[in-house]
Amino acid sequence: MLGRAAFIGRALAEVEKGLTIYARYKVWLFSDLISWPFWTIFFFLSFLMYSPSLLGSQYHLNAFTWCFFTFILVSSFMWSSNFLATSAQEGILEYVLMTGSSIRQHMLGRSIISFLDLAVGGPLLLLISAAGFGTNLHVAYPYLMPIAILLASAFFYFFSSILAVLLVSLRSPWIIINVAQFVIPFTSGAIPVEVLPPEIQAGIIYSPFFYVIHPLVASATGNYFISPEIVLSVAGGLCILVYFLSRFLEDVLLRSALKRGKFTLF
Numbered sequence: 041m042l043g044r045a046a047f048i049g050r051a052l053a054e055v056e057k058g059l060t061i062y063a064r065y066k067v068w069l070f071s072d073l074i075s076w077p078f079w080t081i082f083f084f085l086s087f088l089m090y091s092p093s094l095l096g097s098q099y100h101l102n103a104f105t106w107c108f109f110t111f112i113l114v115s116s117f118m119w120s121s122n123f124l125a126t127s128a129q130e131g132i133l134e135y136v137l138m139t140g141s142s143i144r145q146h147m148l149g150r151s152i153i154s155f156l157d158l159a160v161g162g163p164l165l166l167l168i169s170a171a172g173f174g175t176n177l178h179v180a181y182p183y184l185m186p187i188a189i190l191l192a193s194a195f196f197y198f199f200s201s202i203l204a205v206l207l208v209s210l211r212s213p214w215i216i217i218n219v220a221q222f223v224i225p226f227t228s229g230a231i232p233v234e235v236l237p238p239e240i241q242a243g244i245i246y247s248p249f250f251y252v253i254h255p256l257v258a259s260a261t262g263n264y265f266i267s268p269e270i271v272l273s274v275a276g277g278l279c280i281l282v283y284f285l286s287r288f289l290e291d292v293l294l295r296s297a298l299k300r301g302k303f304t305l306f
C-alpha cells in the first residue's frame with residue numbers, strides 16, 4: 041500500500057508540474073492559438089488544391105477534418121519525446137530518478153501539456169472546419185470515438201516514452217520527431233483508407249500504427265476498413281505491448297547510465 045501511495049503521489053506531482061509549467065509559460069497557449077489554425081488552413085488548402093472536387097463532398101470534408109484532428113493528437117504526444125533529452129542535457133534527469141520516479145512518470149508532466157495542446161488545437165480545428173469550410177461535422181460511432189481517443193492517447197504516451205529513451209543522447213532529437221509526426225499518422229490510417237490506391241490499402245494493415253490511428257477517423261466516418269472489434273482489440277493489445285517495451289527500455293537505459301555515467305543506449 042505504501043508503495044502504491046508513493047507511486048500515486050509521484051504521478052500527481054508530475055501532473056501538477058505539467059499544469060504549472062503550462063500556466064506559467066503562457067507563450068504555449070498563444071502558440072497553440074496561432075499555430076493550429078494556420079496548420080489547419082494549410083492542410084485543408086493542400087488537399088483542396090490537389091482535388092478541388094472534395095470541397096463539394098461533405099463526407100470527405102468531415103473525414104479530412106478528423107484526419108487533421110488525429111495529426112494534432114499524434115503531434116502533441118510526439119513532441120513530448122523531446123522532453124527527456126532536454127532534462128538529460130540540463131542535468132535534471134539524475135535528480136528526478138533519485139527520487140524514485142520513473143522516466144514514464146517524469147514524462148507524465150509533459151504529456152499533460154500534450155493533452156492541453158489537444159484540448160486547445162482540437163476545438164479550434166473543428167471550429168475552423170465548420171465555419172471556414174462549411175463542414176457538417178459528424179461522428180458516425182459516438183460510442184466508439186471516446187474509446188479510440190483513449191487508446192490512441194495511451195499508446196502514444198507509452199510510445200513517446202520509448203522514443204524519448206531512444207533519442208535521449210541526441211542533441212537535436214527534434215529533427216527526427218518533426219519527421220515522425222508527419223510520417224506516422226499520414227502513412228498509417230489518418231488519411232481515410234478508401235481514398236488511397238488499392239496497393240496502399242492492401243499494405244497499410246501491416247502497420248501497427250494503423251490499428252491505433254484508423255479508429256479515430258473511422259469512428260467519425262463510419263467506414264471501418266476492418267471490423268471495429270478487431271481493430272480496437274489489436275489497439276488494446278498494442279497499448280499493453282508498448283507499455284512493457286517502455287519499461288524494458290527504461291531499465292536498459294538506467295543500467296547503461298550506471299555503467300557509462302551518461303544517459304545513452306548506444
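Letter by letter, the sequence shown follows residues 41 to 306 in the working numbering. For each residue, glycine too, the CB sits at the ideal point set by N, CA and C.
Item, Value
"Endpoints, the alpha helix (DSSP H) within which Tyr181 is located", "Tyr181 -> no alpha helix (DSSP H), and no H or E assigned at all."
"Contact check, Leu191 vs Val233, beta carbons under 8 Å", "no"
"Sequence-distant residues of the same chain with beta carbon closer than 6 Å to Gly229, five excluded per side", "Phe250, Ile253 and His254"
"Inter-stretch contact at 8 Å, needing at least 3 Cβ pairs: the segment 209-223 / the segment 92-104", "no"
"Rounded separation between Leu203 and Ser286 - CA only", "9 Å"
"contact_flag[the segment 76-89, the segment 206-214] where n(CB pairs < 8 Å) is 3 or more", "no"
"Bounding residues of the alpha helix (DSSP H) (the contiguous stretch that carries Thr261)", "Phe250 to Thr261"
"Supposed close pair Asn263, His178 - CB separation, criterion 8 Å", "Their Cβ separation, rounded to whole angstroms, is 12 Å, which puts Asn263 and His178 out of contact at 8 Å."
"Buried versus exposed, by CB contacts within 10 Å (16 or more), Leu165", "buried"
"Straight-line Cα distance separating Ser200 from Ser296", "20 Å"
"Contact under 8 Å by Cβ, Gly174 with Phe109", "no"
"Whole-angstrom C-beta distance between Pro213 and Ser121, which should lie under 8 Å", "7 Å"
"For Ile153, the three-state DSSP class (helix, strand or coil)", "helix"
"Selection from Leu124, Tyr183 and His100 that minimises the alpha carbon distance to Phe293", "According to the sequence provided, residue 293 is Leu. The question's Phe does not apply to it. Checking every option, the nearest Cα to that of Leu293 belongs to Leu124."
"Sub-8 Å separation of Ala275 and Ala180 beta-carbons", "no"
"Cys279 and Phe226 closer than 8 Å at C-beta", "no"
"Start-to-end residues for the alpha helix (DSSP H) that takes in Gly243", "Pro238 to Ile244"
"Leu256 and Ala194 closer than 8 Å at C-beta", "no"
"Nearest-angstrom Cα separation, counted from Glu290 out to Ser154", "21 Å"
"8 Å Cβ cutoff met for Phe111 and Phe196", "no"
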